[in-house]
Amino acid sequence: MIIYCGLRHFYIRNFKPQDEGQTDAYYILTHKKKVWDFSPELKEHGFTGQSGRAVLHLDKPVLTISIDLADFTPPAQAWHDFSRQYTNELEVEYPHAWYLRFKQPAIFQQYILDFAEKLRQGQDEGIWGAGQSKLVAKLAAHNLTGYNRIVPPEQTPSFLRQIPLHRLPLDELSTLEKLGIKTIGQLGEVPLVELGNQFGPQAAALQKLGRGEDLVPFQAEQTQECRWSLDCTTLEEFMRPLHPQELKPYLQRGMEKLAAALQKQQKTAGELQLEACSAQGLLFKKNRLFKEAADDAESFLRALESLLPEEPLAHIEVVLSRLEFSTAAQLSMFWEPQAPKLFDEELLQYAQAGIELPRRERLLLLWEECFT
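This is the structure we're talking about:
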């Protein structure tokens, strides 16, 4: 059984304004241009967290501030450590939201009780839900109350038939609703061939979501950072410190290895750190924060080259940190809509509605009709 846990207004509670003159204000916190959290008092004035909703005529100013989620990792760590007392299988989605997997029902039930008690003692607000997958657990947390938030595997189909389809941010939502599919459960009941005829390669992923299956299975958090190092004095071709130009092919291969390791884990890195030692034994430590978390070798190589000193280097170590799951890897109610991944290569043979044959293909068909 998998549990989803979430903390309400976690970011507002742990937000500290940099400007002391902004302490007496209401806040709307954004991340990647989306409303991420806001002062609870704004609910009384009709603000629901939707972008574009104005808040006027208040007793205090309303400030919109962009935040970096990595800044909220320390206060979230206490909650994650608390959860690890019950199971080692923990997957962090965001600082305020995480998943746990339990094999023993007794420990699972005790955790639910203790999580609720911890919320009460700290006067925090939170939600939880449990199901056979991360998707079902999260849907249960946001749509059910009390112990009804535990959805046994045998009740998953009936539960999903009650959840509106628009709870999933699908690009294909309007088309699915026009076809009469109104709930998540109904989507899972459509035969794969029919979905394939309409949506092509996306059909397999759509059916998985309709059945409450995860596009990215549960992955217990293990790796906090990725490392790659190079000792220039041991390279057979040189056996000496190397200039930046000589280092370039080695750096390229190293960044490709790091990118491949991240992509295998379906993670992205938010920071690159360089630790280097010069020929004279001087140590260099520099870091570069990415505007958008990345998992490609070219981004890593550009960042690394911008940090390299101009003098020869004897040793280099590159550390990728601030790792988080790729937003393109897992569809979530809080994430931006994305095209689901291809899971069945046979769907490539399905024709998509509305696709017109190229002129060359049409001529070949006419030729076959005339001469065969």
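Plus 9 on top of the position in the sequence shown (first one is 1) and you've got our numbering. Virtual Cβ for every residue (Gly too), placed ideally from N, Cα, C. Because the structure is a prediction, the values reported are computed rather than measured.
Span separating the alpha-carbon of residue 98 from that of residue 254
Translated into positions along the sequence shown, residue 98 becomes position 89. Translated into positions along the sequence shown, residue 254 becomes position 245. Distance between the alpha carbons of residue 98 and residue 254 is about 44 Å.
So is residue 181 buried or exposed if we call it buried at 16+ other beta carbons inside 10 Å?
As a first step, residue 181 is located in the sequence shown; it is residue number 172 there, counting from the start. That one is buried.
If distances are taken between C-alpha atoms only, which option among 249, 167, 305, 132 comes closest to residue 149?
As a working note, residue 149 is residue 140 in the sequence shown. Cα-wise, what sits closest to residue 149 is 167.
Host alpha helix (DSSP H) of residue 22 (start-end):
On the sequence shown, position 13 is the one that residue 22 refers to. Element bounds for residue 22: 19-22.
In angstroms, rounded to a whole number, what distance separates the CA positions of residue 24 and residue 47?
Within the sequence shown, residue 24 is the residue found at index 15, counting from 1. Within the sequence shown, residue 47 is the residue found at index 38, counting from 1. Residue 47 has its alpha-carbon roughly 10 Å from the corresponding atom of residue 24.
Starting from the Cα of residue 134, find the closest Cα among 141, 125, 140, 142 and give me that residue.
As a position in the sequence shown, residue 134 is number 125, starting the count at 1. Considering only alpha carbons, the answer is 125.
Once you ignore the five residues that flank residue 285 on each side, which residues in its own chain have a CB closer than 6 Å to its CB?
Here the question's residue 285 lines up with position 276 in the sequence shown. Once the five neighbours on either side are set aside, the close Cβ partners of residue 285 are 293, 322, 325.
Looking only at its own chain, which residues have a Cβ that is under 7 Å from the Cβ of residue 36, when we skip the five neighbours before and after it?
Counted from its first residue, the sequence shown places residue 36 at position 27. Hits under 7 Å: 21, 24, 47, 48, 72, 74.
What's the C-alpha gap between residue 218 and residue 234?
Taking the first residue of the sequence shown as position 1, residue 218 is located at position 209. Taking the first residue of the sequence shown as position 1, residue 234 is located at position 225. Each residue's Cα considered, the two are about 30 Å apart.
Would you mind sorting residue 248 into buried or exposed? The rule is 16 or more other CB atoms within 10 Å of its CB.
Position 239 of the sequence shown holds residue 248. So residue 248 counts as exposed.
Taking just the CA atoms, how far does residue 14 sit from residue 142?
Taking the sequence shown and counting its residues from 1, one reaches residue 142 at position 133. Taking the sequence shown and counting its residues from 1, one reaches residue 14 at position 5. If I take the Cα positions, the gap works out to 13 Å.
Own chain, CB closer than 7 Å to residue 152, minus 5 neighbours either side, in chain order:
Numbered from 1 along the sequence shown, position 143 holds the residue referred to as residue 152. Taken in chain order, the residues that qualify are 172.
Considering only the alpha carbon of each residue, which of 108, 33, 56 lies closest to residue 91?
By one-based count along the sequence shown, residue 91 stands at place 82. Of 108, 33, 56, the residue nearest in Cα terms is 108.
Have a look at residue 257 and residue 279 and give me their C-alpha separation to the nearest angstrom.
Residue 257 sits at position 248 when you count from the first residue of the sequence shown. Residue 279 sits at position 270 when you count from the first residue of the sequence shown. In a straight line, the C-alpha of residue 257 is about 22 Å away from that of residue 279.
Quick check: the Cα distance between residue 329 and residue 277, rounded to an integer number of angstroms?
In the sequence shown, residue 329 corresponds to position 320, counting from 1. In the sequence shown, residue 277 corresponds to position 268, counting from 1. Their backbone Cα atoms lie some 9 Å apart in a straight line.
Specify, as a first and last residue, the run of the beta strand (DSSP E) that residue 239 falls within.
Translated into the one-based positions of the sequence shown, residue 239 becomes position 230. Counting along the chain, the beta strand (DSSP E) containing residue 239 begins and ends at 235-240.
Identified DSSP bridge partners for residue 109
Position 100 of the sequence shown holds residue 109. Per DSSP, 12, 99.
Determine the direct distance from the alpha carbon of residue 237 to that of residue 283, and round the result to whole angstroms.
On the sequence shown, position 274 is the one that residue 283 refers to. On the sequence shown, position 228 is the one that residue 237 refers to. Each residue's Cα considered, the two are about 10 Å apart.
Bridge-paired residues (DSSP) for residue 297
Within the sequence shown, numbered from 1, the residue matching residue 297 stands at position 288. Note: residue 297 sits in a beta bridge opposite 281.
Looking at the strands, I want to know which residues DSSP matches up with residue 40.
Along the sequence shown, read from residue 1 onward, the residue named residue 40 stands at position 31. Answer is 43, bridged to residue 40.
Closest to residue 114 by CA distance: which of 155, 303, 84, 11 is it?
For this step, residue 114 is matched to residue 105 along the sequence shown. The option with the nearest alpha carbon to residue 114 is 11.
So, residue 120 versus residue 96, is the Cβ gap smaller than 9 Å?
The residue given as residue 120 occupies position 111 in the sequence shown. The residue given as residue 96 occupies position 87 in the sequence shown. Taking C-beta atoms as the reference points, residue 120 and residue 96 count as a pair closer than 9 Å.
Round the Cβ separation of residue 212 and residue 201 to the nearest angstrom and send it over; I've been treating them as touching at under 8 Å.
Within the sequence shown, the letter at position 203 stands for residue 212. Within the sequence shown, the letter at position 192 stands for residue 201. Confirmed, Cβ separation roughly 6 Å.
Span of the beta strand (DSSP E) holding residue 140?
Along the sequence shown, one-based indexing puts residue 140 at 131. From DSSP, the beta strand (DSSP E) with residue 140 extends over 134-140.
Burial state of residue 193 (16 or more Cβ within 10 Å)
Translated into the one-based positions of the sequence shown, residue 193 becomes position 184. Buried, since its Cβ has 16 or more Cβ neighbours within 10 Å.
Taking the alpha-carbon positions, what's the residue 27 to residue 204 distance?
Translated into positions along the sequence shown, residue 27 becomes position 18. Translated into positions along the sequence shown, residue 204 becomes position 195. One C-alpha to the other measures close to 51 Å.
Where do the N-terminal and C-terminal ends of the alpha helix (DSSP H) with residue 214 fall, by residue?
Here residue 214 refers to the residue found at position 205 when the sequence shown is read from its first residue. Here the alpha helix (DSSP H) through residue 214 covers 212-219.
In whole angstroms, give me the CA-to-CA distance for residue 34 and residue 132.
Looking up residue 34 in the sequence shown gives position 25. Looking up residue 132 in the sequence shown gives position 123. Spanning the two alpha carbons is a distance of roughly 22 Å.
Specify, as a first and last residue, the run of the alpha helix (DSSP H) that residue 121 falls within.
Within the sequence shown, numbered from 1, the residue matching residue 121 stands at position 112. It spans 114-130 - the alpha helix (DSSP H) in which residue 121 sits, taken as one unbroken run.
Consult DSSP for residue 167 and reduce its assignment to one of helix, strand or coil.
The residue labelled residue 167 in the question sits at position 158 within the sequence shown. Helix.
According to DSSP, what are the bridge partners of residue 329?
Taking the first residue of the sequence shown as position 1, residue 329 is located at position 320. Per DSSP, 235, 281.
Does the Cβ of residue 262 have 16 or more other Cβ atoms within 10 Å, making it buried, or fewer, making it exposed?
Counting from 1 along the sequence shown, the entry for residue 262 is found at position 253. Answer is exposed; the Cβ neighbour count stays below 16.
Go ahead and pull the three-state DSSP assignment for residue 89.
The residue you call residue 89 lines up with position 80 of the sequence shown. Note: residue 89 maps to helix in three-state DSSP.
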